[in-house]
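Undergrad: Position in the sequence shown counted from 1, then plus 282, gives you my numbering. Note that beta-carbon positions come from the ideal geometry of N, C-alpha and C, so glycine has one too. As the structure is a computational prediction, the values presented were derived from the model and not from experiment.
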Amino acid sequence: MTIAVRTTEPEPIFRTARLTCRPVEASDAAFYADLFARQELVEHRPDPTPFDTARSATSLGRDLAHWQRHGFGRWALVHAGRPVGLGGLSLKFQYRGLNLSYHLLPDLWGQGLASEFVRGAVDYAGLALKAEEVYGLVRPSNTASIRVLEKAGFAREADHMVGGAPMAELRLKLR
């Protein structure tokens, strides 16, 4: 993994073997709208309703604001020269540690990209952000995502209701 220091120009924060992970930008609006409009993807979120353009824009706005406030956040995941997903680390004040999230285009599921991203993001959390703990919230029915986190060393710690949906909390202690 390579970690780059962010300058005024958007630069990749890190690269894995197949992914370039760069900060999201306002120009990612169309990709947000396409990604979160996919039923097979959003069915794994607390609210399984596909996003319309306005909701996608709101999500991107929150992600851009998180970068401005904290200097880290959600990355656009680029593979073979095109955006293929979003993933990142964020602060959710109701939980301790950093929240790890990731969403890939469904046609790329099962190719190991999520596992590759998770390993890189965990390394980034520990090395660049000096985080002590990282967690992920996953619908219990999303066994593939749970398996990705478990392969990276995460363990199930608790179950919650988030937005009316059951979510499993998986954690990884880094220190």
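For L342, I'd like the list of residues in its chain whose CB is within less than 8 Å of its CB, leaving aside the five on either flank, ordered along the chain.
TA: Cβ within range, chain order: V306, A308, D310, A311 and Y314.
Undergrad: What are the complete alpha helix (DSSP H) segments, minimum 4 residues, inside the stretch 398-438?
TA: With a minimum length of 4 residues, the continuous alpha helix (DSSP H) runs that stay inside the stretch 398-438 are 425-433.
Undergrad: L387 and G367 - do their beta-carbons sit closer together than 8 Å?
TA: Against a cut-off of 8 Å, the Cβ pair of L387 and G367 comes out as a contact.
Undergrad: Check for me: the alpha helix (DSSP H) holding R351 runs from which residue to which?
TA: R351 -> alpha helix (DSSP H) spans T335 to H352.
Undergrad: Can you give the Cα-Cα distance for T298 and E398, rounded to whole angstroms?
TA: Taking the straight line joining both Cα atoms gives about 7 Å.
Undergrad: Would DSSP call L452 helix, strand or coil?
TA: L452: strand per DSSP, three-state reduction.
Undergrad: Check for me: the alpha helix (DSSP H) holding A315 runs from which residue to which?
TA: Per DSSP, A315 belongs to the alpha helix (DSSP H) from A311 to F318.
Undergrad: If you follow the beta strand (DSSP E) that Y384 is part of, which residue opens it and which one closes it?
TA: It spans L380 to L386 - the beta strand (DSSP E) in which Y384 sits, taken as one unbroken run.
Undergrad: Got a sec? Which residues, its chain only, sit under 6 Å from D329 by beta carbon, not counting five neighbours each side?
TA: Same-chain partners within the cutoff: G445.
Undergrad: Do you know offhand how far G392's Cα is from G353's?
TA: Their Cα atoms are separated by approximately 31 Å.
Undergrad: Using a threshold of 8 Å, state whether the C-beta atoms of C303 and W349 are closer than that.
TA: No. Outside cutoff.
Undergrad: For L371, which of helix, strand or coil comes out of DSSP?
TA: Strand.
Undergrad: Can you list, in chain order, the residues of its chain whose CB lies under 8 Å from that of N424, leaving out five sequence neighbours each side?
TA: The answer, listed in chain order, is H326.
Undergrad: I'd like the list of long-range same chain contacts for E322, defined as Cβ closer than 6 Å, with 5 residues on each side in sequence excluded.
TA: Only P388 meet the Cβ criterion.
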